[in-house]
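Below is one structure; the comments refer to it alone.
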Amino acid sequence: MKILITGGCGFIGSHTCVELQNAGFDVVIADNLSNSKEEVIDRIEKITNKRPEFIKANLADEKECDEVFNTFSDINGVINFAAYKAVGESMDVPVKYYKNNLGILLNVLDNMQKHKIKYFVQSSSCTVYGEPDSLPIKETSPVKDATSPYGHTKQIAEQMLSFIVGKDIDAIALRYFNPIGAHKTALIGELPNGVPNNLLPFITQTAAGIRKELKVFGNDYPTSDGTCIRDYIHVVDLAKAHVVAMNRLINEKNKKPLEFFNIGTGHGYSVLEIINSFERSTGEKLNWSFAPRRAGDIIQIWADTQLAEEELGWKAQEDIDSMTSSAWNWQLQLKEE
Ligand code: UFG
């Protein structure tokens, strides 16, 4: 089986290529390298002893997307990662986000219909839930109004799929919680562009001396230690969930043409607990201080993982210290380059 991975050179995409190849799939990566490096393909080959096929393409461009599907006529399924993903930037340039993220989705689905490719896995996000009314959050919980164009593109993508699937496409949308960590070889990991927005890259860059100090946004939230709580998930566990989802579609085990699954660990950690884990697992001392709340942050969220466990037979394996230490090993490797 050959799977097209859009955005396959990115953080989650690259780890998913590794797990798919380890599971015996052939992989084609289509990526425009706007937020990633082609060298990732060498790294995937190094880890798996198999080189994924690669085509540089901007899938938001109809012609370029058509060319990808015309070049690789033997694709059986698609996993769609290609998207802009910076929440803050999406507030500044919303049209760019809608055009890119939804343009890619439509061009890909159009080609899937034309080429009779049935299996589609969409990269979605727990951001669709907004601030939860009760925890842990279930897939049946209401989707709340989006608080950013980025989050809105994830919601619209799910809604569009609900009307498109059925006749010739079956889809699974995986709602990721907070992916962190890196492959144990430290050959692939997260490569943030400029100053990181996300917690873990900011922590590792601060410990590496690239940033002076981590600012912990808010210490007066109604949580056990006053800082926000998230469900952090190891990117390798997340990558494996994609393999399981694709196999479910291929083996026609899906119960509906469009299914949604939470992909998290089911445990919430506060920002201070993440700092503690980082210091414990790496032996590094982190320079940090409290700062005001960041606009738009929800207070706390973690996943109800029952559906993924029962239906997909998937459960996260890696603990929090393995997540923070692997992120650090990746940062150390980057420093050596
Ligand atoms: N945080 C800090 N200091 C920092 C960065 C983050 O204290 O420098 C805190 C945030 O306030 C938050 C927690 O760390 O409490 C996690 O923040 P991230 O930015 O790492 O992650 P978010 O939960 O805000 O957002 C992530 C992704 C989004 C996605 C969302 C829900 O970045 O793309 O999860 O899926 F939409």
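Just so we're aligned, residue 322 is where the sequence shown starts under this note's numbering, counting upward by one.
A virtual CB, placed ideally from N, CA and C, is assigned to each residue, including glycine.
Only a predicted model underlies this, so the values are computations on that prediction, with no experimental measurement involved.
| query | result |
| --- | --- |
| Inter-residue Cα distance where the pair is Ile365 and Asp618 | 34 Å |
| Proximity below 8 Å, CB of Pro373 to CB of Ile350 | yes |
| Paired residues, beta bridge with Gly398 - DSSP | Ile324, Tyr440 |
| Cross-strand partners of Trp669 (DSSP beta bridge) | This structure does not reach residue 669, given that the chain is present from 322 up to 658, and the question cannot be answered. |
| Inter-stretch contact at 8 Å, needing at least 3 Cβ pairs: the region 472-484 / the region 641-658 | no |
| Gly472 and Val565 closer than 8 Å at C-beta | no |
| C-beta atoms of Asp640 and Ile458 nearer than 8 Å | no |
| Cβ neighbours of Ser469 in the same chain (closer than 7 Å, five flanking residues each side left out) | Val408, Ser411, Met412, Gly617 |
| Leu520 beta carbon near the ligand UFG (any heavy atom closer than 7 Å) | yes |
| Contact test: Lys406 Cβ vs the ligand UFG heavy atom, cutoff 7 Å | yes |
| Backbone secondary structure at Pro513 - three-state DSSP | coil |
| Unbroken stretches of the alpha helix (DSSP H), 4 residues or longer, contained in the region 326-401 | 332-343, 360-369, 383-392 |
| His563 - containing alpha helix (DSSP H), residue span | 556-571 |
| Rounded C-alpha distance that separates Asp382 from Tyr440 | 22 Å |
| Residue of Gln476, Lys561, Gly587 minimising C-alpha distance to His504 | Lys561 |
| Assigned exposure category for Glu511 - 16 Cβ within 10 Å defines buried | buried |
| From Ser335, Asp546, Ser355, residue whose alpha carbon lies closest to that of Ile362 | Ser335 |
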